[in-house]
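Undergrad:
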Amino acid sequence: MTHEPYDTLAATYAVGALDGQERADFERHLADGCDVCEAILRESAEALAALARSGPPMVPPPAVKEELMRRLAATTPARRGAARPRPLVWAVGTAAAVIAAAAFIGTYVAARYEAQLGVMARESAALRAKVEREMAVLREQTDVYANAADLLRDPQTQIVTLRGLGPSPEATGRVVWHPVKGGYVFVANLPAAPPGMAYEIWTIGDGAPRPAGLFQVDPSKRGAHRIDPVEGGKPVKVFAVTLETSTGVPTPQGPMVLASAK
Ligand SMILES: [Zn+2]
10 MTHEPYDTLA
20 ATYAVGALDG
30 QERADFERHL
40 ADGCDVCEAI
50 LRESAEALAA
60 LARSGPPMVP
70 PPAVKEELMR
80 RLAATTPARR
90 GAARPRPLVW
100 AVGTAAAVIA
110 AAAFIGTYVA
120 ARYEAQLGVM
130 ARESAALRAK
140 VEREMAVLRE
150 QTDVYANAAD
160 LLRDPQTQIV
170 TLRGLGPSPE
180 ATGRVVWHPV
190 KGGYVFVANL
200 PAAPPGMAYE
210 IWTIGDGAPR
220 PAGLFQVDPS
230 KRGAHRIDPV
240 EGGKPVKVFA
250 VTLETSTGVP
260 TPQGPMVLAS
270 AK
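Spelled out as structure tokens, the structure:
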């Protein structure tokens, strides 16, 4: 049996304000064993005892506490085996106690709903953050494709083919490259970089390989990334991709996974 419909009933039951069919249903639910309801009854007993200590003297504190403890004692063995819980009769004797009980139920239920609303708010904030992250990634990708398409209209733009090497021979890539504006690399069939690692792209001219950006691939093993132009528009002879630590390195250290034909 699920606990769901008994959430509010438990608090009401705890102060003895539940009767008729609802009370019978709830006691059957308790007898079946419900940790949540038992916890609520226990919390209620403690809260009521505290209320009784701090509340108006007309509320009979020992009676309230004893009765709650007796109910807990009566219902707990029932779930371990044979004995059915004995129906308990507990009349709330005074108007003051009824008022205190009502106030307690109100506060208790409100607190529980506030807690639930808090959980929902945290969950929806997390969801919103996730959607925003995904949107940012999509926007970035859209920008990459739009800018690459713009570059392709320029007659100076070249397309360079990259071939998979070493650890990922099936990987392929294309670099859309403009000598002044820089370009974009598009890769496919490249496995995701291991945790803490990233792919780093290099432009190689006459001097040492120059780091030109870090990228990751998506679950479909594709990736796209901007390549910064080389200062002074110096020619690039080779484009290469290596696997490096995710913060990048100034000179290539890891295995080369893609390179353009020389
Ligand atoms: Zn329950």
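Going by my numbering, the first residue of the sequence shown is number 10, and it counts up by one from there. We put the beta carbon where it would ideally sit given N, CA and C, even for glycine.
Please report the straight-line C-alpha distance between V239 and Y122, rounded to a whole angstrom.
TA: Cα to Cα, V239 sits roughly 59 Å from Y122.
Undergrad: For I168, does the count of other Cβ atoms within 10 angstroms reach 16, so buried, or fall short, so exposed?
TA: With fewer than 16 other Cβ atoms within 10 Å, it is exposed.
Undergrad: Please confirm whether any heavy atom of ligand 3 lies closer than 7 Å to the CB of Y15.
TA: Among the ligands in the structure shown, ligand 3 does not appear; only ligand 1 can be found there.
Undergrad: Is there contact between the region 140-150 and the region 215-225, where contact requires at least three CB pairs shorter than 8 Å?
TA: No, they do not touch.
Undergrad: Please report how far the alpha carbon of S133 lies from the alpha carbon of G127, in whole angstroms.
TA: Using only the alpha carbons, I get a separation of about 10 Å.
Undergrad: Should A268 go down as buried or exposed, given a rule of 16 or more other Cβ atoms within 10 Å for buried?
TA: So A268 counts as buried.
Undergrad: Take V118 and list the residues in its own chain whose beta-carbon comes closer than 7 Å to its own, dropping the five residues that flank it on each side.
TA: T17, A20, listed in sequence order.
Undergrad: Which residue's Cα is closest to the Cα of A257: A202, I49, K230?
TA: The amino acid at residue 257 is misidentified as Ala; the sequence shows Gly. If we check each option's Cα against that of G257, A202 comes out closest.
Undergrad: Using DSSP with H/G/I as helix, E/B as strand and the rest coil, what is H187?
TA: If DSSP states are grouped into helix, strand and coil, H187 belongs with the strands.
Undergrad: Which runs of the beta strand (DSSP E) fall wholly inside the region 125-166 and span at least 3 residues, in chain order?
TA: Taking only runs of at least 3 residues, no beta strand (DSSP E) segment lies wholly in the region 125-166.
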